[in-house]
Each structure stands twice: as C-alpha cells, then as structure tokens.
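Heads up, the thing below is written out as structure tokens.
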Amino acid sequence: MWTGPAVLPQTEARPLPDGSLAVGAPRIMNRREARTELVNPLAETPEAVAEGRALYEIYCALCHGDQGSGDGDLARHYRRMPPLTAPHVLNYPDGFLYAIIREGGRNMPRFGDALSVDERWALVHYLGALGPRDETAEAGSR
Ligand code: HEC
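According to our numbering, the residues represented by the sequence shown are 3 to 144, in order.
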C-alpha cells in the first residue's frame, strides 16, 4: 500500500487519464477560457434569479454580505472582502463569474463540489441582479 500507486492522505488525487471525461459533466475549462467561451445556459427567469438569491443567502452572504457589499459576518477575518456590487464585478462576463464560483480564489473557497452546474448558473444570474450594470465598463462582454 505504502509504495504502490495508492493516494496517500492529504495528497492530490491522481490525474485522470488523458482524454477521459466525467460522465454527463461539461469539460472543465480554465478561468480564461471560461471567461470568453461559457454562455449561461439557464434562461434569466424570475425563478432562476430567486434560486440564485436563495443559494447566495446560504453560501455567499456570510462573507460577501446580504446585499453583496462585502460586509458579511466573516468579512472582518479577511484582509479584503470584495463587494460584489462593484462595477467591475457586475461587468464580469457570466463565464468568468461561473469559474470563480466553481474554483474559488486565493482565500475564497471553491463551490464546485457543493453546488450543481445549474445552481452555479442561477447564482450568476443573481449576481448580475445585485446592482445596476455599467454597460460601458466592459463593453460587449455579456
Ligand atoms: C469564506 C468567505 C467567502 C465565501 C463563503 C464566498 N466568497 Fe467570494 N470571495 C471571498 C474572497 C476573500 C474573495 C477575494 C479573492 C480571494 O482572495 O479569493 C472573493 C472573491 C469573489 C469574487 C471576485 C470579486 C472580484 O473583485 O474580482 C466573486 C465574484 C465572488 N467572490 C463570488 C462569490 C459567490 C457567488 C459566493 C457564494 C457561492 C462566494 N463568493 C462565497 C470570500 C468568500
């Protein structure tokens, strides 16, 4: 066991063989590809935004704050808690927001395991509803 190819505790899972795909899952893209290539497959219905809001309150508000202004209960434990109502965030392309939620960041946890694909896209719709969008800041990106 010790010398074999077993994955030891606290180590990386072994990489998948080349060309293998998780059944039913979309191909994982890096954040830059996701930014330009991923399109939100969920229609922006009131139901999708409401689902995004419910998920936001469960998973995100404790850090980013109820209204996304960066003042959640845990925010004071972080050096920086970005407000999600900042114009640059509101103007992130959908695919980029999706990738942030999936992979997390330097200090933000990843939600790829906790949320389904549709739940992440519903959150993207809700993030877009957090503030008025500045159409000029990143023209043509959404
Ligand atoms: C444990 C605290 C925490 C939670 C929970 C959390 N975040 Fe974050 N988030 C952060 C931090 C800290 C950053 C700044 C980047 C970094 O250090 O990772 C960040 C960055 C971001 C950014 C990029 C902001 C920018 O200025 O570029 C977005 C978008 C975001 N979070 C969305 C979410 C969403 C949506 C959720 C819920 C699914 C969520 N976050 C949950 C801590 C958190």
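All residues carry an ideal CB built from backbone N, CA and C; glycine is no exception.
Rounded to whole angstroms, how far is the Cβ of residue i from the Cβ of residue j, which I believe are closer than 8 Å?
{"i": "residue 43", "j": "residue 123", "result": "6 Å"}
{"i": "residue 92", "j": "residue 130", "result": "7 Å"}
{"i": "residue 57", "j": "residue 65", "result": "About 14 Å separates the two Cβ atoms, so there is no contact after all."}
{"i": "residue 89", "j": "residue 70", "result": "Going by Cβ atoms, the distance from residue 89 to residue 70 rounds to 12 Å, so no, they are not a contact pair."}
{"i": "residue 24", "j": "residue 97", "result": "Actually they are not in contact, since the Cβ atoms of residue 24 and residue 97 sit about 19 Å apart, beyond 8 Å."}
In terms of residue numbering, what span does the alpha helix (DSSP H) encompassing residue i cover?
{"i": "residue 101", "result": "96 to 105"}
{"i": "residue 120", "result": "119 to 130"}
{"i": "residue 54", "result": "48 to 61"}
{"i": "residue 39", "result": "33 to 39"}
{"i": "residue 92", "result": "89 to 92"}
Can you give me the Cβ contacts of residue i inside the same chain, cut-off strictly under 8 Å, excluding the 5 residues immediately before and after it?
{"i": "residue 141", "result": "In this predicted model, residue 141 has a pLDDT of only 44, less than 50, meaning its place in the structure is not dependable enough to derive any value."}
Kindly list the residues whose CB is nearer than 7 Å to the CB of residue i, restricted to its own chain and excluding five residues on each side of it in sequence; keep chain order.
{"i": "residue 50", "result": "44, 124, 127"}
{"i": "residue 114", "result": "104, 105"}
{"i": "residue 73", "result": "67"}
Excluding sequence positions up to five away, which residues of its chain have a Cβ less than 6 Å from the Cβ of residue i?
{"i": "residue 17", "result": "none"}
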